[in-house]
Structure formats: structure tokens, C-alpha cells
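Chains as they are written, first to last, in the working numbering: chain A, 1 to 115; chain B, 1 to 109.
Every residue, glycine too, gets a C-beta built ideally from N, C-alpha and C.
Just so we're clear, the structure is a prediction, and the values are computed from it rather than from any experiment.
In what follows, a structure is listed as C-alpha cells, so that the remarks can point back to it.
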């Protein structure tokens with residue numbers, strides 16, 4: 001079974017530039033999550049999708065972050081404009097359970113460095 | 001919303017000793033409690049989980065206990081080995097998975 005795919009693996013940008021991350025979940029997984037993991041901290045949930053609808057985006061800084069999940073499969077997370085404090089690993093995860101009551105399968109992550 | 005606190009932040013043990021990591025949660029609606037292991041530069045991976053209708057679960061050298069009244073749960077690793085060295089995260093899920101800050105475990109050979 002193919003795992004969660006993410007790209008790019010690494011991205012370096014200047015502050016105020018924009019960046020986009022892509023995620024392809026495990027086939028059949030209805031729920032998709034984007035987490036932000038700052039070095040030395042636990043993953044922080046940014047947004048949770050159930051199919052192509054948003055379940056929770058209470059921690060998403062909506063003035064600069066946006067995310068979409070077209071057709072309930074792939075998802076894109078965008079940051080515009082980026083700030084220094086956005087430097088982190090962005091982890092995408094998927095699960096079969098719509099209420100996060102089952103295993104989350106994580107991708108390798110996209111490491112963002114903002115200079 | 002849910003808040004998960006995890007202790008200790010760093011734990012160093014001798015190979016063969018036991019390690020215990022504790023988490024507390026705030027939302028009484030949480031009913032699923034997974035533990036993830038993250039090796040350096042790798043993705044988090046589930047190692048064990050427990051649901052609210054169970055007080056304890058064991059899988060070989062690892063076990064998790066849950067006290068719903070006190071709102072805390074713990075990870076126990078026995079006979080630790082160098083390959084157990086990693087960061088361990090607990091999480092609690094009412095509807096969304098909220099992670100603790102992590103415990104960096106060092107197992108000294």
C-alpha cells in the first residue's frame with residue numbers, strides 16, 4: 001500500500017514570499033490533516049478535512065495560510081506571505097476515521113526554511 | 001478545546017531499564033489516546049493506542065494505561081534498547097488529534 005506522499009521535501013524562501021505544499025493521502029482515506037511541527041515541539045493541527053469539507057481550521061492563521069482539498073483527494077497548503085516564524089516541517093496525514101479515532105498515517109513532511 | 005501536557009520533556013535511561021512517559025488531557029470528551037514514535041528526521045509512527053473503554057493495553061515491551069477519572073495516561077517501555085531512542089508523542093482525540101509537546105528518550109548502551 002502506498003503511503004502519504006508530500007512534496008516538496010525541502011523549500012527555502014525569503015520572508016514575504018509565497019510557498020505551496022502538496023499532499024496525496026492514502027487511497028480511500030477520507031480524512032486529511034495538515035500539521036505544523038516547529039523544531040523541538042509536537043505537531044500542531046492547522047486544518048482537518050473530511051472528504052473535501054473542512055472539519056476544523058481553528059488554528060490556521062487565515063490571514064496568510066490557506067488550504068484546499070479538491071475532489072476530496074489531494075490537498076494543497078499555501079503560505080502567502082511567509083514570515084520567519086513559519087519555518088517548520090509541514091506534515092500531512094490521513095486516516096480512515098473521520099473523528100481522528102484511528103491511526104494517523106503521516107507523510108515524510110515538507111521542511112520550510114524562511115530567511 | 002483539548003490541551004495535552006506531556007512529561008518529562010527529556011528522559012535518559014540505561015539499556016534494560018524501564019521508561020515511563022505521562023500525559024494529561026483536559027477535554028473529558030476525548031476517547032482515543034494514541035502514542036507516536038518519531039525518529040530523527042523521520043515521520044511520526046503509531047506504536048500503541050488505547051480507547052476510553054479500556055484501562056490498559058500491552059504489546060510486547062510497551063504498554064499504555066489510562067485513568068479517565070484523573071484524565072491522564074502513560075506509556076511504559078520495559079527492557080529498553082538503544083533503538084528505542086526517539087521522540088515520543090502522546091495525543092488525545094475528542095474529534096481532532098491534539099499532540100503533546102513530546103518526550104525525547106535516550107537509551108544508553
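State the DSSP-derived secondary structure class of residue 84 of chain B, mapped to helix, strand or coil.
helix
Residue 53 of chain A CB to nearest chain B CB: under 8 Å?
Closer than 8 Å: no.
Tell me, please, whether the CB atom of residue 40 of chain B is closer than 8 Å to any CB atom in chain A?
Under the Cβ distance rule, residue 40 of chain B does not count among the residues neighbouring chain A, no pair being separated by less than 8 Å.
Which term fits residue 34 of chain A, buried or exposed, when burial requires 16 or more other beta carbons within 10 angstroms of its beta carbon?
buried
How many whole angstroms separate the CB atoms of residue 115 of chain A and residue 12 of chain A, which I take to be in contact at a CB cut-off of 8 Å?
7 Å
Of all Cβ atoms in chain B, is any one closer than 8 Å to the Cβ of residue 28 of chain A?
No, its Cβ sits nowhere closer than 8 Å to a Cβ of chain B.
Flag this pair as yes or no: are the beta carbons of residue 47 of chain B and residue 57 of chain B separated by less than 8 Å?
no
Quick check: residue 106 of chain A and residue 88 of chain A, are their CB atoms within less than 8 Å of each other?
no
Would you please verify whether the beta carbon of residue 57 of chain A is less than 8 Å from any beta carbon of chain E?
Judged by its chain identifiers, the structure shown contains no chain E, and its protein chains are A and B.
Collapsed DSSP secondary structure at residue 71 of chain A in the structure displayed
helix
Can you check whether the CB of residue 66 of chain B is closer than 8 Å to the CB of residue 88 of chain B?
no
Counting only the same chain and skipping the five closest in sequence on each side, list residues whose C-beta sits under 7 Å from that of residue 79 of chain A.
18, 19, 64, 65, 86
What is the DSSP secondary structure of residue 56 of chain B, reduced to helix, strand or coil?
Residue state, collapsed to three classes: strand.
Output needed in chain order: residues of the segment 93-109 of chain B with a Cβ under 9 Å from some Cβ in chain A.
93, 94, 95, 96, 97, 98, 99, 100, 101, 102, 104
How many Å lie between residue 31 of chain B and residue 52 of chain B at the Cα?
5 Å
Does the beta-carbon of residue 81 of chain B have 16 or more other beta-carbons within 10 angstroms, so that it is buried, or is it exposed?
exposed
Using the beta-carbon of each residue, which ones in chain A are nearer than 8 Å to residue 46 of chain B?
103, 104
Got a sec, what are the start and stop residues for the beta strand (DSSP E) residue 5 of chain B sits in?
From DSSP, the beta strand (DSSP E) with residue 5 of chain B extends over 4-7.
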